[in-house]
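Scroll down for the structure; my scribbles are underneath it.
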Amino acid sequence: MVKDAAEHIEYEHERTHPGIQCGRPRCLTKFQEFTLTLVRLRLGLLEKDLAHRFSVSRPLVSKVSRAWTRFLRGQFEPLITIPPREVLKLYMPDIFKSFYPDCVIIVDCTEFEMEKPSALNSQSACYSSYKSRTTMKALLGITPSGALCFVSELFPGSTSDKEITAQSGLLDKLQPYDQVMADKGFNCTDELASVGAELIRPAFLVKDTQFSKRRNQPQQDCCQFESTC
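Per full-length UniProt numbering, residue 1 is the first one in the sequence shown, and the count goes up by one each step.
Laid out in structure tokens, this is it:
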């Protein structure tokens, strides 16, 4: 799928000047460009480093990685979606069928370190008190079976989980009586309730709550499942 569609990748000059061929002939094959992009995304290597490794110029590394990142997003973004509820139940692990049959997604926010912006207001917006550095933040979600089903846009590192949940588009994908599982610290009960959904959190996080071994077992199983995902 990627190989055939990659023949139509638009590079920066082709987006601004359609149909006009300019610059030197391409010195990397499509597969090499694809590999370069994956290495940059996975390892976060600097453009100067990649230019040396692939024996090309630094501007070419920048142009290729931007073009392929846009292309890959267009190819794979439509595949990241919450499946129909009947499909979720079909592949739902037994522990969820027993204790959380209406759980449709497990969510958490993650942060990505970034270079410090030159503008002071941007530095303040992107500074994460949790990471103690400038970051960008995203909301991710997986199905009970572990498949990635939601990825939000990136937000400045200082943005709260509540704000991201409200602005990410996740609420539009939920239905009444859906259950959303989250770890401690992710408290978006009101936001989920606004669309009729429910937040599931481990019971041991409730202050001064005593519960029996029987009640504790599904919570332990739930936490073990989350850690393996």
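Built from N, CA and C at the ideal position, the CB exists for glycine as well. From a predicted model like this one, the values you see are computed outputs, not experimental measurements.
Can you have a look at residue i and say buried or exposed, based on whether 16 or more other CB atoms are within 10 angstroms of its CB?
{"i": "S57", "result": "exposed"}
{"i": "D208", "result": "Here the model assigns D208 a pLDDT of 49, short of 50, so the residue's position is not dependable and the matter cannot be decided."}
{"i": "C109", "result": "buried"}
{"i": "V61", "result": "buried"}
{"i": "T143", "result": "buried"}
{"i": "Y11", "result": "buried"}
{"i": "L94", "result": "Residue identity differs from the one stated: residue 94 is Asp in this sequence, not Leu. With fewer than 16 Cβ atoms within 10 Å of its Cβ, D94 is classed as exposed."}
{"i": "F76", "result": "exposed"}
{"i": "D4", "result": "exposed"}
{"i": "T134", "result": "buried"}
Short of 8 angstroms in beta carbon distance, which residues of its chain neighbour residue i, apart from the five on each side in sequence? Order them along the chain.
{"i": "K131", "result": "E111, E113, G157"}
{"i": "K97", "result": "K89"}
{"i": "M136", "result": "E111, F112, M114, C126, L154, F155, P156, G157"}
Apart from the five residues on each side of it in sequence, which residues of its chain come closer than 6 angstroms, Cβ to Cβ, to residue i?
{"i": "S65", "result": "T37, R40"}
{"i": "G141", "result": "I105, V107, C149, F150"}
{"i": "M181", "result": "C103, I106, I200"}
{"i": "D178", "result": "V104, A197"}
Write down the C-beta distance between residue i and residue j rounded to the nearest angstrom, noting that I regard them as a contact closer than 8 angstroms.
{"i": "I105", "j": "I80", "result": "The Cβ separation is near 12 angstroms, so there is no contact."}
{"i": "S145", "j": "Y100", "result": "Their Cβ separation, rounded to whole angstroms, is 12 angstroms, which puts S145 and Y100 out of contact at 8 angstroms."}
{"i": "E191", "j": "L174", "result": "Actually they do not touch by this definition, with Cβ atoms about 10 angstroms apart."}
{"i": "A67", "j": "I9", "result": "5 angstroms"}
{"i": "F54", "j": "A6", "result": "Actually they do not touch by this definition, with Cβ atoms about 17 angstroms apart."}
{"i": "A138", "j": "S122", "result": "So it is not a contact: roughly 18 angstroms between Cβ atoms."}
Who are the Cβ neighbours of residue i in its own chain at under 7 angstroms, not counting the five residues just before and after it?
{"i": "C188", "result": "D161, K162, T165, L199"}
{"i": "E33", "result": "V64, W68"}
{"i": "K48", "result": "R58"}
{"i": "Q167", "result": "none"}
{"i": "K30", "result": "A6"}
{"i": "V87", "result": "none"}
- prompt: Would the region 152 to 165 and the region 126 to 139 be scored as touching if the rule is three or more Cβ pairs under 8 angstroms?
  reply: yes
query: Does the pairing of the region 189 to 197 with the region 114 to 122 give three or more beta-carbon distances under 8 angstroms?
result: no
- request: Would you list, in sequence order, the uninterrupted alpha helix (DSSP H) runs of no fewer than 4 residues that lie entirely inside the region 148 to 201?
  value: As far as the region 148 to 201 is concerned, its whole alpha helix (DSSP H) runs of at least 4 residues are 161 to 167, 189 to 193.
- request: Identify every run of the alpha helix (DSSP H) within the region 95 to 126, keeping only runs that are complete inside it and at least 4 residues long; order them along the chain.
  value: 120 to 126
task: Please go through the region 21 to 61 and give each complete beta strand (DSSP E) segment of 3 or more residues, from N-terminal end onward.
output: none
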